[in-house]
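J.: My questions all concern the structure below.
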């Protein structure tokens, strides 16, 4: 009888783990289906599938979608009621960009039955900006529920809202950072920085001192990502969530995510680092004299060397925060003045 109870407990435990893994497997499949055109592309669906996997199917996606839909409808109302002083033939697209920017970064009046309410913008949350204490601090669902976000959730929400109202928005990467790039006919490419509500020149990005020329030439940083490359970011997010959920995992799921992301975006440095760090964790679990350990050590050296050769340089977190704040404190120095004309 005792043996039966132990077996039953182990079976239930294994089943629970399988169910937990299923959420991550389903999210991976959802994103992969988009990459191979088996499922309609939706950045929102990809992002929320990652977050729901971490919450083990308990994310209130109905409520998150309701709030996103409200913001999308609000953006449409802003577009309909406001005439931009812009005369380019891409004015419709530019009006959409401006509306989303207003919702995220500017206090915006709303008239309801002759009463004027003031919609408050999102604010930057300096608490646990890298999600070290709690991974959900990086989530879009947390952002829409608290009105506070960071350089991960804010640009993700911007891209989601853009797609909701039929606009294009490209994510772009800098060290420890994500921002938005747009291309309009009057000036070409410009940057939108949502953590401070500013349109910075590339000079601000370069001022960090951690963007090597090789990183720019290889498309590691400052590149406008395609929709598929944005999905590759979601795969890295998914792997990081899995590793947080199952700290004693064997590394195989993370490697699967990293490999798939790199097939889409070979110079995605977060995927390259994920792959190398996962191999490092696997190596540390082995006895150094094992043949497998020697193979992993050799592989690790090659991977870290490649990461350095493509231009990646590690930016200390404290320095990153100082760099981020510098955009506000030195706004006149770095703001793209072309957008004020």
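Residue numbers (mature numbering (1 follows the signal peptide of the UniProt record, and there is no 0)): -18 to -1, 1 to 323.
By construction, the Cβ of each residue, glycine as well, lies at the ideal position given by its N, Cα and C atoms.
#1: How about residue 252 and residue 236: do their beta carbons lie closer than 9 Å?
#2: Taking 9 Å as the cut-off, decide whether the C-beta atoms of residue 5 and residue 34 are in contact.
#3: Could you check the C-alpha separation between residue 130 and residue 289 for me, to the nearest Å?
#4: Rounded to the nearest angstrom, what separates residue 297 and residue 111 at their Cα positions?
#5: Out of curiosity, what's the CA-to-CA distance linking residue 326 and residue 222?
#6: At what residues does the alpha helix (DSSP H) containing residue 208 begin and finish?
#7: On the premise that residue 234 lies in contact with residue 225, defined as a C-beta separation below 8 Å, what is that separation, rounded to the nearest angstrom?
#8: With C-beta atoms as the reference, is residue 198 less than 9 Å away from residue 254?
#9: Specify the secondary structure class of residue 223 as computed by DSSP and reduced to three states.
#10: Which of the three DSSP states is assigned to residue 259 in this structure?
#11: Within 10 angstroms of the Cβ of residue 120, are there 16 or more other Cβ atoms? Answer buried if so, exposed if not.
#12: Under a three-way DSSP split, which group does residue 90 fall into?
#13: Who are the Cβ neighbours of residue 171 in its own chain at under 8 Å, not counting the five residues just before and after it?
#14: Can you give me the start and stop residues for the beta strand (DSSP E) that residue 160 sits inside?
#15: Which value, in whole angstroms, describes the spacing of the CA atoms of residue 82 and residue 30?
T.: So, from the data block:
#1: Mapped onto the chain shown, residue 252 falls at position 270. Mapped onto the chain shown, residue 236 falls at position 254. Result no, Cβ atoms of residue 252 and residue 236 do not sit closer than 9 Å.
#2: Here residue 5 refers to the residue found at position 23 of the chain shown. Here residue 34 refers to the residue found at position 52 of the chain shown. Yes; because the gap between Cβ atoms is below 9 Å, this pair is in contact.
#3: Locating residue 130 in the chain shown gives position 148, counting from the first residue. Locating residue 289 in the chain shown gives position 307, counting from the first residue. Using only the alpha carbons, I get a separation of about 33 Å.
#4: Indexing the chain shown from 1 puts residue 297 at position 315. Indexing the chain shown from 1 puts residue 111 at position 129. The straight-line gap from Cα to Cα measures roughly 14 Å.
#5: The requested residue 326 does not occur in the structure, where the chain is confined to residues -18 to 323.
#6: Start at 1 with the first residue of the chain shown, and residue 208 comes out as number 226. Here residue 208 belongs to no alpha helix (DSSP H), and DSSP marks it neither H nor E.
#7: Here residue 225 corresponds to residue number 243 of the chain shown, with the count starting at 1. Here residue 234 corresponds to residue number 252 of the chain shown, with the count starting at 1. Their Cβ separation, rounded to whole angstroms, is 11 Å, which puts residue 225 and residue 234 out of contact at 8 Å.
#8: Locating residue 198 in the chain shown gives position 216, counting from the first residue. Locating residue 254 in the chain shown gives position 272, counting from the first residue. Contact: no.
#9: For the purposes of this step, residue 223 is taken as the residue at position 241 of the chain shown. Here residue 223 sits in helix by DSSP.
#10: Looking up residue 259 in the chain shown gives position 277. Of the three classes helix, strand and coil, the one that applies to residue 259 here is helix, per DSSP.
#11: Here residue 120 is taken as the residue at index 138 of the chain shown, counted from 1. With 16 or more Cβ atoms within 10 Å of its Cβ, residue 120 is classed as buried.
#12: By one-based count along the chain shown, residue 90 stands at place 108. Note: residue 90 maps to strand in three-state DSSP.
#13: One-based indexing of the chain shown puts residue 171 at position 189. The residues are 163, 164, 165, 206.
#14: On the chain shown, position 178 is the one that residue 160 refers to. Here the beta strand (DSSP E) through residue 160 covers 159 to 166.
#15: Within the chain shown, numbered from 1, the residue matching residue 82 stands at position 100. Within the chain shown, numbered from 1, the residue matching residue 30 stands at position 48. Residue 82 and residue 30: Cα-Cα distance of roughly 20 Å.
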